[in-house]
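Undergrad: If you count by the numbering used here, then the sequence shown holds residues 17 to 93, one letter each, in order.
Here a beta-carbon is modelled for each residue, glycine too, at the ideal position from N, C-alpha and C.
None of these values were measured; they are calculated from a predicted model.
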Amino acid sequence: MRKYEVKGPCPELGMVLARAAAELKEGEEALIVSTWKYVVNDLKNSAPLLNLEVIKINDLGDVVEVAVRKSGPTRHL
Numbered sequence: 017m018r019k020y021e022v023k024g025p026c027p028e029l030g031m032v033l034a035r036a037a038a039e040l041k042e043g044e045e046a047l048i049v050s051t052w053k054y055v056v057n058d059l060k061n062s063a064p065l066l067n068l069e070v071i072k073i074n075d076l077g078d079v080v081e082v083a084v085r086k087s088g089p090t091r092h093l
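#1: Hey, how far is the Cα of K72 from the Cα of P64?
#2: Just mark K53 as buried or exposed, buried being the case when its beta carbon has 16 or more other beta carbons within 10 Å.
#3: Straight-line CA distance for A37 to V79?
#4: Given this structure, state the Cα-to-Cα distance separating L40 from E69, to the nearest angstrom.
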């Protein structure tokens with residue numbers, strides 16, 4: 017499983033999501049990790065636009081982990 021880290025606020029999350037969408041193959045899963053709690057809501061809203069499905073969220077206190085799966089070919093906007 018690939019692991020991506022969001023180290024800071026915007027536009028870091030957008031860059032991480034774009035990278036994950038480009039690198040992941042259909043059906044492949046990845047873990048997005050961050051100390052920034054806002055990424056959970058932003059991921060839920062934006063992941064479907066990149067054919068990424070949020071499959072699990074773990075709030076570990078200081079860190080949040082969001083597991084995503086590539087559900088199909090990325091749509092070009």
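TA: In short, the structure shows the following:
#1: In a straight line, the C-alpha of K72 is about 14 Å away from that of P64.
#2: exposed
#3: 22 Å
#4: Between L40 and E69, the C-alpha separation is close to 12 Å.
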